[in-house]
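Presented below is the structure to which this report refers.
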Amino acid sequence: MKNLLALILATFVFAPIAQAQKERSPWENSVVRLDINRHNYNYFQPWSRRVAANQKFGLVIGERAIVTTANLLYNHTLLRLQKGGRGQWYTGRVTWIDYHANIALVTVDEERFWEGLEPAKLAEEVPDSGTAELVRWNSGRFEVRKLDINRLQIRKGQLTFIDMLHLELDSEINGVGWSEAITLDNKVIGLTISQARNKCIAIPSSFIQSLLKAQSEGNYRGMGFFNFFWQQSENPTTLDYLNLTGTKRGVIVTQIPNLPGDNNTLKPRDILLEIDGNSIDPLGDYNDPVYGPMMLENLATRNHWAGDKIPMKVWRDGKEQEILYTLPKADYDNELIPTALYDSPPEYVMAGGLVFQPMTVPYLMSWGNDWQRRAPVRLIHYKGQPPTEDRPRLVVLSTVLPDPYNLGYQSYRFLVVDKINGERISRIDQLKSAFENSDGDYHVVEFEQGEPVERIILDAKRLGAATQRVMLRYGLNESSVINE
Amino acid sequence: MLTQAAPPEESVIQIVVFTQQPDWDEPWNSMPVSRSSGTGFVIEGNRIMTNAHVVTWAKQILVRRYQDSQPFQARVSYIGHDCDLALLEVDAPGFFDSLTPLPLGELPKVRSTVVTYGYPAGGEQISYTSGVVSRIELQNYTHPGNRRLLAAQTDAAINPGNSGGPVIQDGKVVGVAFQGIPGLENTGFFIAPPVFEHFLEDVKDKRYDGFPQAGIRMAPLQNAAQRAFLGVPAQFEGARIDALFSDSAKKHLRKDDVLVAVGDYPVAQDGSILYQNNQLHAGLAFSLAQSGDSVPITLWRDKKGLQTELPVHVETKDAAAGNLYELPKYYVYAGMVFTPLTKNYLSTFGQNWSATTDSELLYELFYKRKSDPENTRTDAVMLASTLAHPVNANMRIRGRVMVDKINGVRIDKLEDVISAFESGDDDFHVIDFSGSFGFETVDRIEANTANGSILNTYGIANDRRL
Chain A
1058 MKNLLALILA TFVFAPIAQA QKERSPWENS VVRLDINRHN YNYFQPWSRR
1108 VAANQKFGLV IGERAIVTTA NLLYNHTLLR LQKGGRGQWY TGRVTWIDYH
1158 ANIALVTVDE ERFWEGLEPA KLAEEVPDSG TAELVRWNSG RFEVRKLDIN
1208 RLQIRKGQLT FIDMLHLELD SEINGVGWSE AITLDNKVIG LTISQARNKC
1258 IAIPSSFIQS LLKAQSEGNY RGMGFFNFFW QQSENPTTLD YLNLTGTKRG
1308 VIVTQIPNLP GDNNTLKPRD ILLEIDGNSI DPLGDYNDPV YGPMMLENLA
1358 TRNHWAGDKI PMKVWRDGKE QEILYTLPKA DYDNELIPTA LYDSPPEYVM
1408 AGGLVFQPMT VPYLMSWGND WQRRAPVRLI HYKGQPPTED RPRLVVLSTV
1458 LPDPYNLGYQ SYRFLVVDKI NGERISRIDQ LKSAFENSDG DYHVVEFEQG
1508 EPVERIILDA KRLGAATQRV MLRYGLNESS VINE
Chain B
185 MLTQAAPPEE SVIQIVVFTQ QPDWDEPWNS MPVSRSSGTG FVIEGNRIMT
235 NAHVVTWAKQ ILVRRYQDSQ PFQARVSYIG HDCDLALLEV DAPGFFDSLT
285 PLPLGELPKV RSTVVTYGYP AGGEQISYTS GVVSRIELQN YTHPGNRRLL
335 AAQTDAAINP GNSGGPVIQD GKVVGVAFQG IPGLENTGFF IAPPVFEHFL
385 EDVKDKRYDG FPQAGIRMAP LQNAAQRAFL GVPAQFEGAR IDALFSDSAK
435 KHLRKDDVLV AVGDYPVAQD GSILYQNNQL HAGLAFSLAQ SGDSVPITLW
485 RDKKGLQTEL PVHVETKDAA AGNLYELPKY YVYAGMVFTP LTKNYLSTFG
535 QNWSATTDSE LLYELFYKRK SDPENTRTDA VMLASTLAHP VNANMRIRGR
585 VMVDKINGVR IDKLEDVISA FESGDDDFHV IDFSGSFGFE TVDRIEANTA
635 NGSILNTYGI ANDRRL
């Protein structure tokens, strides 16, 4: 009893002293703050330029190099960095960025910034359980918080349409997801990208490290991905139907979306048995030498980049066949409705008050984060469609700025353009030549079949004057913005 | 000798209905029986007029006369779901003996006063509410869900139970109370005389056809350049025909025809006509014709005027699918429940179904018929669910997906499912789903063997309703 009492007393007496002597975290010299000012475009008013400011974190990882997630670095007008959680801000610049990978390298030219900073080490392997720590600057203090590692999982990347490896952690910490470093022992195991409820998602260090290595060696050609849909083969009848002999294994390729430059020979109803020497089980998992069962998508991004050739074994026509799969490059420009459009202002053409815009996901996101439920079904429908050779992209009549010139058309909006003066329209840069091709008196603008109106006529001779008048009245500096 | 007309309330009938709706998700089942009430009124010919929605899915209809507690059984003689009207008959002799049919009146004037008679919730006795006719317009009829017909708005309270009740002015019926707008106060709507007159005219041949449509989409013709392009002379207003949907419209009209007049009604630049002093959509003029009639029209085509006729018909396949009031079709094979993709089926996905349903299903049901008519399926088929049995237990895709093909045959309608399963003699049935949902297989012999026992296990008396 006496001993126990002494122990309690000791705890009470020594605790404040221990706090007062709190040691500096070794991470304080590696974690820096980033302050980003950027354009925040309003796609419903593409000529207006609003600004936004965000703060996030970076991690010193080498000679004058800081790694951070690519998110929010797009469209930036000013980037500044701060070390030590307080004091001077230094102007920085992005030296390399890849939005699909969601990783950027940042530097500061001013020598003084680097004094006292030390590169952190990235872990080559990431555990899928245990307790890790999140480190960041918070109001001038350095914060070290514990979180539990939940699992490694394959999920869609934050800024891309491709699936890749992520680290999921349980976190009770507020406001996480701004590229805070997750550390374990003396290494960084990930950079956070988001938090929803108490689940925090991070990009694992294993991926970052292999990406940066490839980048520094000049071997990085962009993120690759598997351009096919597959389904699990848990229904053994289906494997019998496909004449598979031997053990039930592999998954079934169901669809190969049209993609320019994808010349792979994979076919629907091939049974995918092996990728890169790894057997695929009926659930679509392979046995990763480090992480155990993992979804096959990981094999497209695990130390592989666009253009890499990956051997595959498929079951086709009653026998096993070998193919070499060339990883297509993840490219927003190959989508009918591009997932993103970074580092360029929204494109538009305003003609006589009619505002034409390319249809992109950022445009659809003007309906809010739940745009997939709120945007017009007619438009969402196109998101699921692949591009075709004669229809690589879509242009919409987004809105009409009322003017006597366009009287009768003011309420038309969100209409997918089919033709202008007979020319099939896919890209916004076609509009200029299409409007030059009128027969003299009129412009004929046609919309896709099924749109609320299919054809309108504009006065060709008065178009220029109307455009000028609308620019003045509605405060547009340019009648069009078309990126090169 | 002049006789004093009986007060209208004596011809107003209280209707109590016991209904049983089908279960659109498990289409061989029905929902529990529920009780509801409405109002009707006696018209010429010993008939009771009420709303279709009052007696839809009725298993038993009881009617009570004014201040008479005795219920009588009634039955539906005609029902028009598109105009939300029904006629009831009562077989009990003498039921109508003491009842005076209410005379039918004309479309009331805006700002004039009307009185509604009915048996709304909140009491047993007849209730009267008075108000003015606030406006007259084409309104969305919520019972069919995809029809806009003439209706009048009033600030007289119209509450549940009022449905089917007469709206009276000067002793004549000038409306049938039928709907309100949730959340909007002091607004009730009643069906206007041209609509119920049309309904009564329609059933004279002992068959209800419905309200025909022109099968076109009109666009305003207000833009000077567009008017000049089409060479429309100044003395005409007229709206432009932007799209043609019905076979009749495709045969008789062309895109970019300008509709100058429908019958005697000149069409304005915004596509409206002046109907009894109300500016209303010109579609009204077509809907007032009976199915099969030819409506005289004046067009401006190729810079010339043209007098012609447009035969109009009731559209059985609307671009925007409405509510259905026939028992759901289905086919059950090897535990797989197939049913057409309908608005009623989608509504089983939950209260918020239109926001949560896969947008491709919404596109297929509500938009594709207009945007891609060549590839639109007659009646797209869903795999609604899969009733568990060893023959299908390994299937991963088990429901709420649209069927693309079965055994290589494109599924255009439910009948195709049956013929696709019955055709061929491969060892396996292969069911392809639309979009990126993949496909499933079942063993043909096992499926055929299991079919009967699955129906037994799940208490399905018939494997199909077509």
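In order, the protein sequence lines correspond to chains A and B. Going by this note's numbering, the letters in the first sequence line up with residues 1058 to 1541, in that order. Going by this note's numbering, the letters in the second sequence line up with residues 185 to 650, in that order. Every residue gets a Cβ at the ideal spot worked out from N, C-alpha and C, and that includes glycine. As the structure is a computational prediction, the values presented were derived from the model and not from experiment.
So for residue i, helix, strand or coil by DSSP?
i                       : result
residue 1059 of chain A : Because the pLDDT of residue 1059 of chain A is 43, which lies under 50, any placement of that residue in the model is unreliable, and the number read from its coordinates should be weighed accordingly. In the structure shown, residue 1059 of chain A sits in a helix (DSSP, three-state: H, G or I).
residue 194 of chain B  : helix
residue 588 of chain B  : strand
residue 1116 of chain A : strand
residue 302 of chain B  : strand
residue 1423 of chain A : helix
residue 1416 of chain A : coil
residue 1071 of chain A : Reliability fails at residue 1071 of chain A, whose pLDDT of 43 lies under 50, so the model's placement of it is uncertain and the value that follows must be treated cautiously. Of the three classes helix, strand and coil, the one that applies to residue 1071 of chain A here is helix, per DSSP.
residue 382 of chain B  : helix
residue 1464 of chain A : coil
residue 1528 of chain A : helix
residue 647 of chain B  : coil
residue 501 of chain B  : coil
residue 543 of chain B  : helix
residue 1521 of chain A : helix
residue 1225 of chain A : strand
residue 1362 of chain A : coil
residue 1239 of chain A : strand
Quick check on the DSSP output: the alpha helix (DSSP H) that includes residue i runs from which residue to which?
i                       : result
residue 638 of chain B  : 628-641
residue 1438 of chain A : 1434-1440
residue 582 of chain B  : Element bounds for residue 582 of chain B: n/a, residue is neither H nor E.
residue 372 of chain B  : No alpha helix (DSSP H) holds residue 372 of chain B; the beta strand (DSSP E) holding it covers 372-375.
Determine the chain A residues that contact residue i at a beta-carbon separation under 9 Å, and present them in chain order.
i                      : result
residue 706 of chain B : Here chain B has residues from 185 to 650 only, and residue 706 of chain B is not among them.
residue 340 of chain B : Near residue 340 of chain B there are no residues of chain A at all, since even the closest Cβ is about 33 Å away, more than 9 Å.
So residue i packs on residue j, CB below 8 Å; how close in whole Å?
i                       : j                       : result
residue 1537 of chain A : residue 1407 of chain A : 6 Å
residue 627 of chain B  : residue 575 of chain B  : 7 Å
residue 212 of chain B  : residue 644 of chain B  : 5 Å
residue 1188 of chain A : residue 1203 of chain A : 6 Å
Do residue i and residue j have their CB atoms nearer than 8 Å?
i                       : j                       : result
residue 511 of chain B  : residue 525 of chain B  : no
residue 339 of chain B  : residue 357 of chain B  : no
residue 614 of chain B  : residue 591 of chain B  : yes
residue 1113 of chain A : residue 1091 of chain A : yes
residue 386 of chain B  : residue 254 of chain B  : no
residue 1255 of chain A : residue 1225 of chain A : no
residue 296 of chain B  : residue 353 of chain B  : yes
residue 204 of chain B  : residue 247 of chain B  : no
residue 286 of chain B  : residue 366 of chain B  : no
residue 1348 of chain A : residue 1367 of chain A : no
Which bits of chain A does residue i rub up against, with CB to CB less than 8 Å?
i                      : result
residue 554 of chain B : 1506, 1507
So with CB distances below 8 Å, who are the chain B contacts of residue i?
i                       : result
residue 1107 of chain A : Here the premise fails: no neighbours, minimum Cβ distance about 29 Å.
residue 1286 of chain A : 620, 622
residue 1465 of chain A : 404, 405, 406, 407, 410, 453
Starting from residue i and walking both ways along the beta strand (DSSP E), at which residues does that stretch end?
i                       : result
residue 238 of chain B  : Run containing residue 238 of chain B: none in the beta strand (DSSP E); it sits in the alpha helix (DSSP H), 236-239.
residue 356 of chain B  : 356-364
residue 1137 of chain A : 1133-1139
residue 488 of chain B  : 488-495
residue 1151 of chain A : 1147-1155
residue 1297 of chain A : No beta strand (DSSP E) contains residue 1297 of chain A, which is instead part of the alpha helix (DSSP H) from 1293-1298.
residue 1244 of chain A : 1244-1253
residue 1499 of chain A : 1499-1504
Along chain B, in chain order, which residues have C-beta atoms closer than 9 Å to that of residue i?
i                       : result
residue 1420 of chain A : Per Cβ cutoff of 9 Å: no residues; residue 1420 of chain A is ~16 Å from chain B at best.
Determine the chain B residues that contact residue i at a beta-carbon separation under 7 Å, and present them in chain order.
i                       : result
residue 1510 of chain A : 403, 426
residue 1515 of chain A : 409
Closer than 7 Å by beta-carbon distance: list the chain A residues that pair up with residue i, in chain order.
i                      : result
residue 627 of chain B : 1294
residue 578 of chain B : 1291, 1292, 1293, 1294
residue 357 of chain B : Near residue 357 of chain B there are no residues of chain A at all, since even the closest Cβ is about 37 Å away, more than 7 Å.
I want to check one thing, is the minimum distance from the CB of residue i to the heavy atoms of the ligand GTP below 7 Å?
i                       : result
residue 1100 of chain A : Absent from the structure shown: the ligand GTP. Ligands present: none.
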